[in-house]
Amino acid sequence: MTDLYHPAPAFPIDQAALLASEHFGIEGELSPLDSERDQNFRLASSAGTWTFKIINASEPGLESAFQVALLTHLAAVAPDLSLPRLRKAASGTALATTLAASGERHSLRMVSWLPGRPLAESTRSPAVLNSLGQMLGRMDRALQGFIHPGALRALDWDVRRAGEAHARLAHVADAGDRAVLERFLDRFDKQVAPRLAMLRTQVIHNDANDWNVLVDPDRPDSVAGMIDFGDALHTVLIAEVAVASAYAILDQEDPIGAVAELAAGFHALYPLREEELDVLFDLIMARLVISVTLSAARASRVGDNPYLAISEAPAWRMLRRLDAMNPRFATAILRHACGFDAVPGATAIATWIDRNAKNMAPVVRPHPATLAKALVPYGDAANPMTVASAAADPEKASTWWDAHASETGVALGIGPWGEARSVYSGDMFKSRFIDGSRRDRHLGLDLFMPAGTKVHTPLAATVQSAEIEEEPLGYGGLVALLHEPEGCPAFVTLWGHLAHEVVARLKPGQKLAAGALVGEMGAHAQNGGWAPHLHLQISADTGLSARAILGVGEASYLGVWRELFPDAAALVGIPPETFTQTGRSRAEIVAARKATMLPNLSISYSEPIKFVRGDGVWLIDDRGRAYLDCFNNVCHLGHAHPHVVEAIARQAAKLNTNTRYLHDNIVAYAERLTATLPPELGVASFACSGSEANSLMLRMARTHTGREEAIVLDWAYHGTTQELIDLSPYKYKRKGGKGRKPHVFEAVIPDSYRAPADWPAEEHAKRFAASVAEQIDAMRREGRAPALFMAESIPSVAGQVFLPDGYLSEVYAMVRAAGGLCVADEVQVGFGRVGSHWWAFETQGVVPDIVTMGKPIGNAHPMAALVTTREVAASFNNGMEYFNTFGGNPVSCAAGLAVLDVIEQGDLRRNALEIGNYLIERFRGMQERHEAIGDVRGMGLFLGIELVADRRTKEPATVLAKKICDGARARGVLMGTEGPGDNVLKMRPPMIFTRANADHLLSVLEGTFEAVLAGKE
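If you count the sequence shown from 1, position 406 lands on 416 in the working numbering, and the numbers rise without skipping.
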């Protein structure tokens, strides 16, 4: 073993010159160089410049031979590396020997001089540190597999021997500095040393200090070479990076950032392993601890040595800084720099949360996604709330926010992850990583609601801790929960600024079910001195205590913090639109519509909503509020159903053309669609909208019968073309309409709720059907006959009217007897919405001659269909081609097939029936409590609630219906009003509507009725 305390050689310079000439044949000018244990000279000669080394007499010959073998190996396998090259002695070997006047024998070695400026005298830019890492990576990769007996030496500078510094602590005079070393050595013994045996080992340089690293003066960001292999040995590979880093970071503003650059450079050329990076921070400290304790011990023996003192003071400064850092955070930075998760499993945790976000229990109730939200202005340093919070005046901050929320209708304030905030003004927010910097980036998610608001865990948890942090601007009531969901690495959630009651209620080890109460948002006296809110944070590192979790971080490391402390927005269910708005403002869109579009294009609500995304039963607006969609029945399976989206995209990427060419999709869809219908209905045609399908129906009926007379129900609506408006009393009897045309005959709406009181219920079908008979008689008196009778199987705009049992049987028989066709308009009510059947006409026990379909057929893809009998289809084949450019195209048919797949595979008809029955039962319960509800009607997920001013007179409560509809909208639920009196609440939610969705709808309706009927809205 080399004796580090043995004095260095002290040959006079003229004697050294004689030795260089005698043994290596080089004469020139010698200049002494600093050295710790050996005696080194720079030798400038006509044969070039060299480094002449007189080796310490205590160095065993085996170790000297090892260095020769190492340099010889590198010259052979990596000749491109800028490293010292050996010059052989006159004896033909790389080493010569000589005796000193003391009788000690010294080995001599001559190597080429490398040009360059020491890193110690250069700017340690990120680029040059990365270059150094690459240099070391190339060199160590070249040393893979190299071994020599001399490499297996015991050397105090081996980081594995850091624990031996315990014996040198007595030489450190300052008690504070000694405590720094003791803390590290305790951690090293317990946490680091046991892991070293599992790491890769090989021969390394082991002394890339800033005097042994040379920088190219012409390219200051590039390392030019490496010298001095005197400390090379066989040890853990990661020690190479640790040793180089220990010196590269001295007096750096951002030492861990410097290590990250160096490690990333090494990793790019010689990939490091996660377990190596996990000990890097501690091995850097180990090198510095070895350095300062050896220096202290040597000073007590041999007095001051300028070489040893070169890095001692900076090393102490750095040790004190590193001691103040959390090693887990430093390690996260280093792992991230090399492309690994900041902590193992971090990416998997974030991915799992994103994929399972829809299944989380709400953190606050109602669900945060459904609440009107706005960002709390902590990102604006000049905002009064920010100023008050920074000045530790929570009452003033709360007053401002409460007034702002009341004025704007905001129920939930959001403090986003990663936001730069000036409120973090105290000394506690000074960075421990970057000298002179502050932590100002928020690493949690803040939910601002009134004090006392209850908060709940989104998934099952175990209580890790519940405590009170008393420090000003701290957390107040503080809880840490451990989550271990199946298929996901464990993670922790931190709940800060809670009321103190939580400490008495939650105990470590306590199990909480998903949705269980965690605590309440604390008032400022208990929450650390803030406006009431919850700070919710995820930690992918389960080894951090609640107080150790970093709630505010440095901007420079935001990418690291994002992995270590993932944004909790997905966990809470906050839509991303809450944080970022794109496109034009609502007002700008309204103005642009007025300027460029038809003025009679309507907009829902006096305060229009800008929707930017759909997700299942939800529509999300541009401000991140999710509305439960109980109105837009076009998205039959829910908005953006993935199976339909994928089918459309897949086919669109292959081919879209028209029906004049052969393609599998159109016949496959025709077969699938007609299979859902009675066997008489076997011929299909396709279009792009319900209006197109109904227009085609008119052509077919007129061709088949040779007549154009049509019987429709009052207040019916069948499409947007003029010929269909002529068949739509809902349009031609209202503003802008021109009244009923001579070929159109109206029958009364068969609305049992409004039937004369003296009509027996069992006679409603026959008595309402008499109105159709009257129209046929009127035609007959004029020598005319019907071409068709057309009705929605459940009249929709007429007020969700459910036909009396047997009504269509009566009517169809009359119409057919008069020579007319019977048409079922299923544009709104088809495709299983009624639950019990695929088609609503089936509930009447009839088979139409023609069925038209639209809206839900493609789950919002523009598509429609008509299915008829072979007889009607044959009569339409009169020589005139029927062609629709886009009707039946491959993409549309792919969408249609996907819709049928989901309905069948998801058993959605059963779901519609069960959820619909549940809602009807609950609506009837509301009817018992609220006199204004005159009638509840529905089938499957086609539902209506009729509101009246008086149950006896059944006067339509039009104003009340509008208030209820608007109130539901204000609470995040979309529905409509229909009927001649515009007094029927109309609900047609997607077929995937769940019991939970139904309960949310019911809760909103109950709250709205109570508020409106109490005169509060």
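By construction, the Cβ of each residue, glycine as well, lies at the ideal position given by its N, Cα and C atoms.
Residue interval of the alpha helix (DSSP H) (run including residue i)
i: Thr357; result: 356-366
i: Arg791; result: 774-791
i: Ala959; result: No alpha helix (DSSP H) holds Ala959; the beta strand (DSSP E) holding it covers 952-960.
i: Trp326; result: 322-334
i: Pro230; result: Careful: Pro230 lies outside any alpha helix (DSSP H), inside the beta strand (DSSP E) at 229-236.
i: Trp410; result: 404-418
Assigned secondary structure, residue i (DSSP; H/G/I helix, E/B strand, else coil)
i: Met985; result: coil
i: Ser701; result: helix
i: Arg7; result: Nothing about residue 7 can be read from this structure; the chain reaches only from 11 to 1027.
i: Met531; result: strand
i: Val912; result: helix
i: His1010; result: helix
i: Glu941; result: coil
i: Gly835; result: Position check: residue 835 holds Asp in this sequence, whereas Gly was assumed. Three-state DSSP puts Asp835 in a strand.
i: Thr108; result: strand
i: Arg920; result: helix
i: Thr341; result: helix
i: His543; result: coil
i: Lys865; result: helix
Extent of the continuous beta strand (DSSP E) run through residue i
i: Gln154; result: Run containing Gln154: none; DSSP gives neither H nor E here.
i: Glu573; result: First-last for Glu573: 568-574, but that is the alpha helix (DSSP H), not the beta strand (DSSP E).
i: Pro42; result: 38-43
i: Ile424; result: 422-425
i: Asp226; result: 223-226
Distance CB(residue i)-CB(residue j) smaller than 8 Å
i: Leu282; j: Val246; result: no
i: Ser117; j: Thr107; result: yes
i: Thr879; j: Val693; result: yes
i: Glu284; j: Pro230; result: no
i: Gln212; j: Asp150; result: yes
i: Thr895; j: Met707; result: no
i: Leu929; j: Ala1008; result: yes
i: Ala797; j: Leu831; result: yes
i: Val473; j: Gln520; result: yes
i: Val373; j: His466; result: yes
i: Leu191; j: Val78; result: no
Where residue i falls, given that 16 or more other Cβ within 10 Å makes a residue buried
i: Ile786; result: buried
i: Lys745; result: exposed
i: Ala242; result: buried
i: Lys865; result: buried
i: Phe893; result: exposed
i: Ala476; result: buried
i: Gly700; result: buried
Option in the options with minimal Cα separation from residue i
i: Gly143; options: Ala234, Ala161, His158, Val528; result: Ala234
i: Pro576; options: Arg603, Val600, Leu546; result: Leu546
i: Ala942; options: Leu923, Ile925, Leu191, Arg962; result: Arg962
i: Met370; options: Gly519, Leu96, Val528, Leu581; result: Leu581
i: Ser399; options: Ala360, His543, Asn675, Ala54; result: His543
i: Leu455; options: Ala470, Tyr892, Asn675, Trp427; result: Trp427
i: Pro125; options: Ile237, Glu174, Arg134, Pro17; result: Ile237
i: Arg95; options: Thr61, Asn66, Gly71, Arg115; result: Thr61
i: Ala908; options: His871, Met936, Ala884; result: His871
i: Leu287; options: Arg308, Ala249, Gly593; result: Ala249
i: Arg843; options: Tyr892, Ala340, Ala490, Pro999; result: Pro999
i: Asp437; options: Ala430, Gly446, Ser699; result: Gly446
i: Ala384; options: Ala905, Asp187, Arg633, Gly71; result: Arg633
i: Val513; options: Val528, Ile721, Pro586; result: Val528
i: Arg134; options: Met120, Ala254, Pro900; result: Ala254
i: Arg148; options: Ala85, Ser112, Ala180; result: Ala85
i: Pro324; options: Ala342, Ala296, His377, Gln262; result: Gln262
i: Leu43; options: Ala26, Ser74, Leu737, His33; result: Ala26
i: Ala509; options: Lys996, Thr418, Glu479; result: Glu479
i: Ala659; options: Val807, Cys903, Ile913, Ile424; result: Cys903
Proximity test, residue i beta-carbon vs the ligand SAH heavy atom, cut-off 7 Å
i: Ala703; result: Absent from the structure shown: the ligand SAH. Ligands present: none.
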